[in-house]
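In terms of this note's numbering, the sequence shown is residues 1 to 160. Where a beta carbon is used, it is the ideal one built from N, C-alpha and C, also for glycine. This report concerns only the one structure given below.
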Amino acid sequence: QMLGCFVPMHTCIDNCIHTFAGVQLRAACDRQMKELRAIYGYGYEQPTAVPMLTDAYNLPAKKVVHIVGPIVSGRLTPALEKDLADCYTSTLNLCAENGLRSVAFCCISTGVFGFPQQRAARIAVKTVQDWMQTHEGQIDRVIFNVFKDEDREYYETLLS
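Shown next as C-alpha cells:
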C-alpha cells in the first residue's frame, strides 16, 4: 500500500522510517497513492520494484525512496531474484534522476517478505556495483544500512 507498516511497536525498518520521519511521511505517501489510484483505479497497488519518492521530513536526509520488494512465499526463483535486483536498479535510477548524490539501502525484502538474507545481500551488492560502474559519477555514495548482525556479516564479507 506504500503507507508504511501499521503494526504498532513492530520493529521492522519500514515502521522505524515512518515513525522517525513523523506523521508527515505517512500523509505524503497517502497523497501520492490517492493520486495514483485516481489515475489507475481504486484497487491500484504499487508494483514491485517501482520506486516512489517523498521528502524525508524529520529524518536526517533529503528524501525517502519507497519501494515494494518481492515476496518469497515458497521457493526462491530467478524471477524473484530479478525483481530484487530491479528494486536496487530503479532506486538508483530515481536517485540519479533527482540529483541525489547518496543513498542508503535497507535489506530489501529480507524481513516479513521472506527473501533469504545471504542471497539478497549478494544481489544487492552486485547490482549496486554494476550500476555504479555503468553510471560513473552520478551517485557518490551508497550505504547498506543493515538491521541485523547477520546481515552486517554478509555485507562485510561481500564488500571486503
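Return the chain-ordered list of same chain residues with a C-beta closer than 8 angstroms to the C-beta of residue i, the five sequence neighbours on each side being excluded.
i, result
"arginine 26", "Leu3, Gly4, His18"
"isoleucine 108", "Ile67, Gly69, Leu84, Cys87, Tyr88, Phe115, Ala120, Ala124"
"leucine 76", "Phe115, Pro116, Arg119"
Which word fits residue i, buried or exposed, when buried means at least 16 other C-beta atoms lie within 10 angstroms of its C-beta?
i, result
"glutamate 81", "buried"
"threonine 11", "exposed"
"threonine 54", "buried"
"leucine 159", "exposed"
Roughly how many angstroms separate the alpha carbons of residue i and residue j, rounded to a whole number?
i, j, result
"proline 78", "arginine 31", "34 angstroms"
"tyrosine 154", "glycine 114", "17 angstroms"
"glutamate 136", "glutamate 45", "33 angstroms"
"valine 142", "serine 90", "14 angstroms"
"alanine 61", "glycine 41", "32 angstroms"
"aspartate 14", "lysine 63", "15 angstroms"
"glycine 111", "aspartate 151", "11 angstroms"
"arginine 101", "threonine 134", "15 angstroms"
"aspartate 149", "arginine 122", "16 angstroms"
Just to confirm, is the Cβ distance from residue i to residue j under 9 angstroms?
i, j, result
"proline 51", "cysteine 16", "no"
"phenylalanine 144", "alanine 104", "yes"
"alanine 96", "isoleucine 39", "no"
"leucine 92", "tryptophan 131", "yes"
For residue i, which residues in the same chain have their Cβ closer than 6 angstroms to its Cβ, ignoring the five residues on either side in sequence?
i, result
"asparagine 58", "Ala21, Gly22"
"arginine 37", "Tyr44"
Excluding the 5 residues flanking residue i on each side, which residues of the same chain have their C-beta closer than 7 angstroms to its C-beta?
i, result
"threonine 127", "Ala85, Tyr88, Thr89"
(request) Any chance you could list the beta strand (DSSP E) runs of at least 3 consecutive residues sitting entirely within the segment 16-99, in chain order? (result) Counting only runs of 3 or more, we get 52-55, 63-66.
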